[in-house]
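To keep things clear, I will list the structure first and then write my remarks on it.
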Amino acid sequence: MPDTTQTIPAPFLPTVQAALQACFGTTTIDAITLLSGGLSGAAVYKMTVNGVCYTLKLDTPSAQEHPALQDILEQTSAAGIAPGLYYYNPAAGITLTAFIDNRPLRTVMAPERVIETLARQLRRLHALPAPATGPELATTIAGLVNAYRQQAILKGPVMDEVLALYARILQARPWLEADQVLAHNDLNPGNMLCDGEDLWIIDWDTAFRNNRYIDLAAVANFFVYSEAQEQLLLRTYFEREPSAGEKDRFFLTRQVSRMIYGILLAQAAGRAQPKDYPHNQDMEDYTLSRFGERVQAGTISMAGYEGQLFYAKANWNEALRNMRSERFEAALSRLAVPAL
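Residue numbers (UniProt numbering): 1 to 340.
This is the structure:
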C-alpha cells in the first residue's frame, strides 16, 4: 500500500479519507500517481481503490462560486457526457470521478467519427435542463472586447476590421432565446477525454446557460475542415438536415468564436510577458494551417508565449478571411429579413 501521506497534501488528507470511506467503505488506497498539476495549480491523480481506478482532483478550497456546478456535474455524468461523478466538495477542493484511460483523440478516432461523436454528445448536453438564467452573450463579449482594447496586446487593421464586422453580426441578431441551452462554453481538445471507443467532456467550471451555437462553433473550429464535415456535424446534431437559418447562425458564430479565441489567447500571451513588453504586431502569414504544421513538428506549443500569440493571430486572420466572404454577406442578409 502506498504511503498516501507522502502523495496527498496533508491539508487534503482527512477529507480525502472521509470521501473514500463514504464512497467505497474504505480509506485504503491501492496505488496513486500524480497525473498533472500540483504546487500552485490543481493536482490530478490516478488513484486505485478496491482494484478500480478513479481520478482525484485536488483544487484550492473555495466557497461555491458556481452554484449550479454540482447539478451540472451530476446531470452530465449521469448522461454519459462527463466521467462518472463519485464525490464533489468545492469547499474542500475535492472531486472524485471515474478514471478514463485517455488517448490522443485524433490518433484513435477518424475525423468523421470524432465529429459525429461530439455532435451526439452536444445534442445530449443541450437537451439537459439549463440553469434558469445566465450571462447575456453579447454583453459577455462586449466585456471581453473592452478589456482587449485597453490591453492593446495586438492592434491594427485586422483586429479593427474584425470588430467592425462583428458589430454587423450583432445587428443581425443571430442568437435566439429558443437556442438557449446548458452549454459547456470551452470545448477545446484539452477538455475532452477519449479511450479509443467513447468520448467524455471535462472541466465544467465555465458551463452555464448560453447559446447552442457557441458550443457547436467551438467544436467546428477545432475539428471541421470542409463543407462535408460541417454538414456531418450539423446533420448529426439536429438529427435532420439543418435549415438555412441554422447554417447561417452556425457560420456567423464560428467567426465570433474565432474572435473570442483571438482575444483570450492574446491575453494569455500578455500575461506571459512584462507589462510593457513590445509584442510583435506583424499579422502576415499567421494561419491556422501553419500553426498546426509547427505543432506537429514540435517547434511551437500552446503552453508557451510564442504559441499563444501565434494562435491568437491565426484566429484573428481566419475570422477576417471568412468575414470577407460571400457566405458572410449572404448570412447577414438572410438573417436581417424578419421571418414571416
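Quick reminder that beta carbons are idealized off the backbone N, C-alpha and C, glycines included.
Report the rounded CA-to-CA distance for Cys23 versus Ala91, giving the unit in angstroms.
-> Locating residue 23 in the sequence shown gives position 23, counting from the first residue. Locating residue 91 in the sequence shown gives position 91, counting from the first residue. Their backbone Cα atoms lie some 18 Å apart in a straight line.
CA-CA distance, Glu329 and Arg254?
-> On the sequence shown, residue 329 is found 329 positions in, with the first residue counted as 1. On the sequence shown, residue 254 is found 254 positions in, with the first residue counted as 1. Using only the alpha carbons, I get a separation of about 14 Å.
Taking just the CA atoms, how far does Tyr45 sit from Met259?
-> Here residue 259 refers to the residue found at position 259 of the sequence shown. Here residue 45 refers to the residue found at position 45 of the sequence shown. Straight-line Cα distance between these residues: approximately 34 Å.
May I ask you to report which of helix, strand or coil DSSP gives Val86?
-> Position 86 of the sequence shown, counting from 1, holds the residue named residue 86. Sequence inspection shows Tyr at residue 86; the Val mentioned does not correspond to that position. Reduced to three states, the DSSP call for Tyr86 is strand.
Hey, how far is the Cα of Met323 from the Cα of Gly51?
-> Translated into the one-based positions of the sequence shown, residue 323 becomes position 323. Translated into the one-based positions of the sequence shown, residue 51 becomes position 51. Roughly 54 Å between the two C-alpha positions.
Tell me the DSSP bridge mates of Gln180?
-> On the sequence shown, position 180 is the one that residue 180 refers to. Answer is Asn211, bridged to Gln180.
Spell out the partners DSSP gives Cys194 in its beta bridges.
-> Mapped onto the sequence shown, residue 194 falls at position 194. DSSP lists Leu199 as partners of Cys194.
Go ahead and pull the three-state DSSP assignment for Thr172.
-> As a working note, residue 172 is residue 172 in the sequence shown. Here residue 172 turns out to be Ala, not Thr, going by the sequence shown. Helix at Ala172.
For Leu125 and Pro189, believed in contact at Cβ under 8 Å, the rounded distance | Translated into positions along the sequence shown, residue 189 becomes position 189. Translated into positions along the sequence shown, residue 125 becomes position 125. About 17 Å separates the two Cβ atoms, so there is no contact after all.
With DSSP collapsed to three states, give me the class of Ile81.
-> As a first step, residue 81 is located in the sequence shown; it is residue number 81 there, counting from the start. Residue state, collapsed to three classes: coil.
Beta-bridge partners of Tyr54, as assigned by DSSP | As a working mapping, residue 54 is identified with position 54 in the sequence shown. Secondary-structure assignment with DSSP links Tyr54 through a beta bridge to Met47, Ala98.
State the Cα-Cα distance for the pair Glu227 and Glu284, rounded to the nearest angstrom.
-> What you label residue 227 is simply residue 227 of the sequence shown in a count that begins at 1. What you label residue 284 is simply residue 284 of the sequence shown in a count that begins at 1. Taking the straight line from one Cα to the other gives about 26 Å.
Indicate whether Gly262 and Ala312 have their beta-carbon atoms separated by less than 7 Å.
-> Taking the sequence shown and counting its residues from 1, the one referred to as residue 262 is at position 262. Taking the sequence shown and counting its residues from 1, the one referred to as residue 312 is at position 312. Yes, these two residues count as a Cβ contact at 7 Å.
Proximity to Asn280 [Cα-Cα], best of Met192, Phe223, Arg290, Ala152 = Against the sequence shown, residue 280 aligns to sequence position 280. The option with the nearest alpha carbon to Asn280 is Ala152.
Could you give the distance in angstroms between the alpha-carbon of Leu34 and the alpha-carbon of Val16?
-> To locate residue 34, count along the sequence shown from 1; it is residue 34. To locate residue 16, count along the sequence shown from 1; it is residue 16. C-alpha separation (whole angstroms): 15 Å.
Write down the C-beta distance between Ala167 and Arg212 rounded to the nearest angstrom, noting that I regard them as a contact closer than 8 Å.
-> In the sequence shown, the residue the question calls residue 167 occupies position 167. In the sequence shown, the residue the question calls residue 212 occupies position 212. About 23 Å; that fails the 8 Å criterion.
Could you check how far apart the C-beta atoms of Cys194 and Met109 are, in whole angstroms? I think they sit under 8 Å.
-> What you label residue 194 is simply residue 194 of the sequence shown in a count that begins at 1. What you label residue 109 is simply residue 109 of the sequence shown in a count that begins at 1. Their Cβ separation, rounded to whole angstroms, is 6 Å, which keeps Cys194 and Met109 in contact under 8 Å.
Opposite Ser36 in the DSSP bridges: which residues?
-> In the sequence shown, residue 36 corresponds to position 36, counting from 1. Partner(s): Val44.
When you compare only the Cα positions, how much space is there between Glu112 and Phe222?
-> In the sequence shown, counting from the first residue as 1, residue 112 sits at position 112. In the sequence shown, counting from the first residue as 1, residue 222 sits at position 222. So the two alpha carbons sit approximately 13 Å from each other.
Label residue 355 either buried or exposed according to how many other C-beta atoms from any shown protein chain fall within 10 Å of its C-beta, with 16 as the threshold for buried.
-> An answer regarding residue 355 cannot be provided, because it is not within the stretch 1 to 340 covered by the chain.
Excluding the 5 residues preceding and the 5 following Asn32 in the sequence, name in chain order all residues of the same chain whose CB lies nearer than 6 Å to its CB.
-> By one-based count along the sequence shown, residue 32 stands at place 32. Per the sequence shown, residue 32 should be read as Ile rather than Asn. Excluding residues within five positions, the ones whose Cβ falls inside 6 Å are Pro2, Thr7, Tyr45, Met47.
Coil, strand or helix - Ala152 by DSSP | As a working note, residue 152 is residue 152 in the sequence shown. Of the three classes helix, strand and coil, the one that applies to Ala152 here is coil, per DSSP.
How long is the line joining the alpha carbons of Ser257 and Ala19, rounded to whole angstroms?
-> One-based indexing of the sequence shown puts residue 257 at position 257. One-based indexing of the sequence shown puts residue 19 at position 19. Per the coordinates, the alpha-carbon of Ser257 lies some 39 Å from the alpha-carbon of Ala19.
Distance CB(Phe291)-CB(Ala269) smaller than 7 Å | Here residue 291 is taken as the residue at index 291 of the sequence shown, counted from 1. Here residue 269 is taken as the residue at index 269 of the sequence shown, counted from 1. In this structure, Ala269 does not lie closer than 7 Å to Phe291 by Cβ.
What's the C-alpha gap between Leu233 and Asp276?
-> As a working mapping, residue 233 is identified with position 233 in the sequence shown. As a working mapping, residue 276 is identified with position 276 in the sequence shown. The alpha-carbon atoms of Leu233 and Asp276 are separated by roughly 43 Å.
Segment limits, alpha helix (DSSP H) that includes Leu309 = In the sequence shown, counting from the first residue as 1, residue 309 sits at position 309. Unbroken alpha helix (DSSP H) run through Leu309: 305–323.
Alpha carbon of Thr76 to alpha carbon of Pro135, nearest angstrom | Translated into the one-based positions of the sequence shown, residue 76 becomes position 76. Translated into the one-based positions of the sequence shown, residue 135 becomes position 135. Cα to Cα, the separation comes out at about 21 Å.
Taking DSSP as the reference, what is the three-state secondary structure of Ala164?
-> Residue 164 sits at position 164 when you count from the first residue of the sequence shown. Here Ala164 sits in helix by DSSP.
Close Cβ partners of Ser325 (< 8 Å) along its chain, the five nearest in sequence each way excluded = As a first step, residue 325 must be located in the sequence shown, where it is residue number 325. Once the five neighbours on either side are set aside, Ser325 has no close Cβ partner at all.
Alpha carbon of Leu39 to alpha carbon of Pro131, nearest angstrom | Taking the first residue of the sequence shown as position 1, residue 39 is located at position 39. Taking the first residue of the sequence shown as position 1, residue 131 is located at position 131. In this prediction, Leu39 scores a pLDDT of 49, lower than 50, which makes its location untrustworthy; no coordinate-derived value is stated.
Could you spell out where the alpha helix (DSSP H) holding Phe328 opens and where it closes?
-> Indexing the sequence shown from 1 puts residue 328 at position 328. Segment 326–336, the alpha helix (DSSP H) holding Phe328.
Given a threshold of 16 other Cβ atoms within 10 Å of its Cβ, counted over all protein chains shown, does Gln150 qualify as buried or as exposed?
-> Reading the sequence shown from its first residue, position 150 is the one you call residue 150. Under this definition Gln150 is an exposed residue.
From the DSSP output, in three-state form, read off Ala31 for me.
-> Mapped onto the sequence shown, residue 31 falls at position 31. It is a strand residue.
Contact between the region 57–72 and the region 91–101: three or more CB pairs below 8 Å?
-> yes
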